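The structure appears right after this line, and notes come after that.
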Amino acid sequence: MPPIRPGALPQPGSTPPEIIRNFCIIAHIDHGKSTLADRMLQLTGVVDGRQMRAQYLDRMDIERERGITIKSQAVRLPYVASDGKNYVLNLIDTPGHVDFTYEVSRSLAACEGTVLLVDAAQGIEAQTLANLYLALENDLAIIPVLNKIDLPAAQPDKYAAELAHIIGCDAADVLRVSAKTGEGVGDLLDEVVRVVPHPIGDPTAPARAMIFDSVYDTYRGVVTYVRVIDGELSTREKILMLSTRATHEMLEVGVISPEPVVSAGLGVGEVGYLITGVKDVRQSRVGDTVTSATNPATTALGGYRDPVPMVFSGLYPIDGDDYPDLRDALERLQLNDAALVWEPETSAALGFGFRVGFLGLLHLEIVRERLEREFGLDLIATAPNVVYRVVLEDGRERVVTNPSEFPEGKIAAIFEPMVRATVLAPSVYIGTIMELCQNRRGALLGMDYLSEDRVELRYTLPLGEIIFDFFDSLKSRTRGYASLDYEPTGEQESDLVKVDILLQGEAVDAFSAIVHKDKAYGYGVSMTGKLRKLIPRQQFEVPIQAAIGSRVIARENISAIRKDVLAKCYGGDITRKRKLLEKQKEGKKRMKMVGRVEVPQEAFIAALSTEVEVGSGSGSAKR
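Letter by letter, the sequence shown follows residues 0 to 622 of numbering that gives the first Met the number 0.
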């Protein structure tokens, strides 16, 4: 596959909008987005064979190791189409995981078209549909493409018909490519030039550019990625952020191709980066409008909704002296991850730590791994839980992100977050999927056959029921063929209770949980049984109880270590032995009254273990 050498292309800032095509690649996890982007980089000649490596646009080590995209990346590609004309393609490679849908939505707003990629061996998956609906909401031109046609298990005709049925096009219009070998990639780029409309804007109007991403560079401060809608942005110009009204001087303007290339400016329709020397990413808010400070625009562009945390977990350093380091590490991670929110919290059992909000379990695991790897911290993560709204009988409301915040008094109602889940699977597994969803308090919304043997099921489910092992159970029941996608749909009143775990009558806040009334007994039995094995025996008997309020629902005992006080009695009067045993009994009773149960750190780690292993499937998180 020889690269196509571009002709004399105009420099950034002087590129006519008619030859610009802004597009992104959307797909389910592991359907080949990053590999296709690699072939496009090679084909257009911006990366030569010596520099080329797999997943070229995935910059983080953790992305490359896991084979997933976490941050979307923009790159400018020069391209000579089959008609001999020169074009400039701005490609944005997006994540495929449900936790990073907000990254996808931001990328789509910077484009006029999208390549919808589907694996020719697996067909349409749940996240494919979710991303397709996002693209339709943004009125983008959609190019349906089947990838991996070189695989022996590929069924391109079958899945082309399936894709055509959903989009409403002809099966012959579905392009077929192999991102691995490069087959069909040139035809795909020609189709992008033909189908995706060029950007439209007013070059003489006051400059307006939308921020679609911002990252923190240790040496140069905040790097802001923008898409210019109207006017032109030039280097050394003073710019104004319309939402914060902050002004900065642009120290550098350029494009990514695929390494940063400095230019004199950016014109209508161009995608590039700005560097202002600002050290705080919050001053370059994603969705904000950048304009010229000397001739400012009056109306801002439509921005994005800020990502809302779905799952909360406590992060505590195993060594309490690491608390300031954990705070610094979270502040530095927040510079690159606008979706990360946190606040300090204290636990009687675990000491000082932070309550951190995440978009989902994969997001939790990525952040935790980056904290441990990049900052050298050893952390305990408490069991993740969702946000509840509690209404008391006197009408006051409380937002609960942690079981320890659960109000005591009389409660009128508890509301929990709900999601609309979409499951795609072979039709033979309908029964087992329905059984699983009903066990998790799901309500069936509808069911559609995408083809003779593939079905789409839509359910309303409580978010709290799917953040633990729902995906794991779904995969095991369907032999790995099912895929899952979900989106929040508000909240619903539910019969929830707080289960406390008591050690010798004292509640241990780290083990408390908010669960549905029907599942409280199961949680109590499971946690008390686990702790009985993990907590070492003391010199007195230790009761472990699970309680709802003052009512105990489960109990285990850790028997006492008993010293043999009769070892030195060789025969003699029985009353002497009895006296020694009575004395020991009194001592144990007194010790039980004043003794405290020391729970070793290992027991906390094992009981609260949230070992989330994220595979390459959508939403895949298992514990």
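Where is the CB? At the ideal position from N, CA and C, for every residue including glycine.
Being a predicted model, the structure only gives us computed values, none of them experimental.
Alpha carbon to alpha carbon, what distance is there between residue j and residue i?
{"i": "Arg-244", "j": "Val-221", "result": "17 Å"}
{"i": "Gln-544", "j": "Gln-503", "result": "8 Å"}
{"i": "Lys-591", "j": "Val-541", "result": "Low per-residue confidence applies at Lys-591: pLDDT is 47, beneath 50, and the placement is therefore not dependable, though the value from the model is reported in the following sentence. So the two alpha carbons sit approximately 8 Å from each other."}
{"i": "Pro-16", "j": "Val-227", "result": "11 Å"}
{"i": "Ile-18", "j": "Arg-457", "result": "42 Å"}
{"i": "Asp-156", "j": "Val-267", "result": "40 Å"}
{"i": "Ile-123", "j": "Gly-183", "result": "20 Å"}
{"i": "Leu-115", "j": "Glu-486", "result": "20 Å"}
{"i": "Ala-263", "j": "Phe-357", "result": "39 Å"}
{"i": "Pro-343", "j": "His-362", "result": "19 Å"}
{"i": "Glu-581", "j": "Ile-557", "result": "21 Å"}
{"i": "Ile-432", "j": "Ala-481", "result": "9 Å"}
{"i": "Thr-290", "j": "Thr-203", "result": "13 Å"}
{"i": "Ile-573", "j": "Leu-579", "result": "10 Å"}
{"i": "Ser-33", "j": "Leu-241", "result": "34 Å"}
{"i": "Pro-383", "j": "Ile-466", "result": "8 Å"}
{"i": "Thr-401", "j": "Gly-445", "result": "According to the sequence displayed, residue 401 carries Asn and not Thr. Each residue's alpha carbon lies about 34 Å from the other."}
{"i": "Pro-198", "j": "Asp-287", "result": "19 Å"}
Once you ignore the five residues that flank residue i on each side, which residues in its own chain have a CB closer than 8 Å to its CB?
{"i": "Ala-625", "result": "As displayed, the chain neither begins before 0 nor continues past 622, which places residue 625 out of reach and without an answer."}
{"i": "Pro-5", "result": "Only weak support is given to the placement of Pro-5: the predicted model assigns it a pLDDT of 44, under 50, and the value that follows is read from those uncertain coordinates. The answer, listed in chain order, is Thr-43, Gly-44, Pro-77, Tyr-78, Val-79, Asn-85."}
{"i": "Thr-527", "result": "Ile-500, Ile-543, Gln-544, Ala-545, Ala-553, Arg-554, Glu-555"}
{"i": "Pro-259", "result": "Gly-253, Tyr-272"}
{"i": "Asp-229", "result": "Gly-200, Asp-201, Pro-202, Ala-204, Pro-205, Ala-206, Arg-207, Val-267, Ala-296"}
{"i": "Ile-547", "result": "Val-496, Lys-497, Val-498, Asp-499, Ala-519"}
{"i": "Val-191", "result": "Arg-20, Phe-22, Leu-88, Gly-112, Val-114, Ile-142"}
Taking the continuous beta strand (DSSP E) assigned at residue i, which residues delimit it?
{"i": "Tyr-520", "result": "From DSSP, Tyr-520 is part of no beta strand (DSSP E) but of the alpha helix (DSSP H) over 519-533."}
{"i": "Glu-486", "result": "482-492"}
{"i": "Tyr-215", "result": "207-216"}
{"i": "Arg-38", "result": "Taken as a continuous stretch (DSSP letters only), Arg-38 belongs to no beta strand (DSSP E), being part of the alpha helix (DSSP H) at 32-42."}
{"i": "Arg-226", "result": "220-229"}
{"i": "Val-289", "result": "288-291"}
Mind checking residue i: buried by the 16 CB within 10 Å criterion, or exposed?
{"i": "Gln-121", "result": "buried"}
{"i": "Gln-491", "result": "exposed"}
{"i": "Gln-126", "result": "buried"}
{"i": "Tyr-158", "result": "buried"}
{"i": "Ile-24", "result": "buried"}
{"i": "Pro-151", "result": "exposed"}
{"i": "Tyr-448", "result": "exposed"}
{"i": "Cys-110", "result": "buried"}
{"i": "Tyr-132", "result": "exposed"}
{"i": "Glu-62", "result": "Unreliable placement is indicated for Glu-62, whose pLDDT of 45 sits below 50; no coordinate value is reported for it."}
{"i": "Asp-452", "result": "exposed"}
{"i": "Gly-618", "result": "Interpretation of Gly-618 is limited by its pLDDT of 37, a score under 50 that renders its predicted location unreliable; the figure taken from the coordinates is listed afterwards. Buried: at least 16 other Cβ atoms inside 10 Å."}
{"i": "Tyr-218", "result": "exposed"}
{"i": "Asp-60", "result": "Note that Asp-60 has pLDDT 49, beneath the 50 cutoff, so the model's placement of it is unreliable and the number below is only indicative. It counts as exposed."}
{"i": "Ala-442", "result": "exposed"}
{"i": "Lys-237", "result": "exposed"}
State the beta-bridge partners of residue i as determined by DSSP.
{"i": "Ala-412", "result": "Val-390"}
{"i": "Arg-75", "result": "Asn-89"}
{"i": "Ile-379", "result": "Tyr-315"}
{"i": "Gly-350", "result": "Ser-346"}
{"i": "His-515", "result": "Leu-495"}
{"i": "Ala-420", "result": "Tyr-458, Tyr-485"}
{"i": "Glu-505", "result": "Leu-502"}
{"i": "Val-551", "result": "Ala-546"}
{"i": "Tyr-132", "result": "Note: Tyr-132 sits in no beta bridge, so no partner."}
{"i": "Asp-447", "result": "Glu-455"}
{"i": "Arg-175", "result": "Leu-145"}
{"i": "Phe-405", "result": "Answer is none; Phe-405 lacks a bridge partner."}
{"i": "Arg-397", "result": "Val-389"}
Note the first and the last residue of the continuous alpha helix (DSSP H) segment covering residue i.
{"i": "Val-639", "result": "Since the first residue shown for the chain is 0 and the last is 622, residue 639 is missing from the structure and cannot be characterised."}
{"i": "Gly-430", "result": "429-438"}
{"i": "Phe-510", "result": "Segment: none, Phe-510 is in no alpha helix (DSSP H) and carries neither H nor E."}
{"i": "Asp-156", "result": "155-166"}
{"i": "Val-366", "result": "360-374"}
{"i": "Phe-22", "result": "No alpha helix (DSSP H) contains Phe-22, which is instead part of the beta strand (DSSP E) from 19-26."}
{"i": "Ser-475", "result": "469-476"}
What residues in its chain sit with their C-beta under 7 Å from that of residue i, if we drop five residues either side in the sequence?
{"i": "Tyr-520", "result": "Ile-552, Ala-553"}
{"i": "Glu-464", "result": "Arg-439, Arg-440"}
{"i": "Asp-324", "result": "Phe-374, Leu-376"}
{"i": "Val-524", "result": "Ala-553"}
{"i": "Arg-388", "result": "Glu-396, Val-398, Phe-414, Glu-490"}
{"i": "Thr-14", "result": "Val-87, Gly-266, Glu-269"}
Leaving aside the five residues before and after residue i along the sequence, list all residues of the same chain whose C-beta is less than 6 Å from its C-beta, in chain order.
{"i": "Arg-38", "result": "Ala-178, Gly-181, Val-184"}
{"i": "Gly-479", "result": "none"}
{"i": "Ser-346", "result": "Asp-508, Ala-509"}
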